[in-house]
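Participant: Under my numbering, the first residue of the sequence shown carries the number 13, and numbering increases by one thereafter. Positions of the beta carbon are idealized from the N, C-alpha and C atoms, including for glycine. Please see the structure below; I have some questions.
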Amino acid sequence: MEEIVLKLVECLCSKYGISTEEAYSMIYSEWEYVEEMVISGANEKKLCKKIAKRLLDLYMVA
């Protein structure tokens with residue numbers, strides 16, 4: 013699980029210019045969703061992309 017979180021943070025920071033603190037905050041605020049996606053067993057690359065998209069949709073609209 014830690015590995016997925018680190019990849020998500022890296023993805024959000026490098027691709028979208030979000031700070032590390034913001035990335036962790038976004039991930040942990042949507043922790044249930046992140047856990048569901050990881051448990052679903054999705055491909056890691058698709059998983060990171062899908063979660064990043066949801067987080068960005070939620071936070072960029074707000």
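1. At which residue ranges does the stretch 19 to 55 contain complete alpha helix (DSSP H) runs of 4 or more residues, listed in the order of the chain?
2. Report yes if the C-beta distance between residue 49 and residue 62 is below 8 Å; otherwise report no.
3. Quick test of your reading: residue 20 and residue 39, contact by CB under 8 Å. State the CB separation rounded to the nearest angstrom.
4. Cα separation between residue 17 and residue 69?
Facilitator: Taking the coordinates as given:
1. As far as the stretch 19 to 55 is concerned, its whole alpha helix (DSSP H) runs of at least 4 residues are 32 to 41 and 43 to 51.
2. In the sequence shown, residue 49 corresponds to position 37, counting from 1. In the sequence shown, residue 62 corresponds to position 50, counting from 1. For residue 49 and residue 62, yes; Cβs fall inside 8 Å.
3. Looking up residue 20 in the sequence shown gives position 8. Looking up residue 39 in the sequence shown gives position 27. Taking C-beta atoms under 8 Å as the contact rule, residue 20 and residue 39 qualify, at a distance of about 6 Å.
4. On the sequence shown, residue 17 is found 5 positions in, with the first residue counted as 1. On the sequence shown, residue 69 is found 57 positions in, with the first residue counted as 1. One C-alpha to the other measures close to 18 Å.
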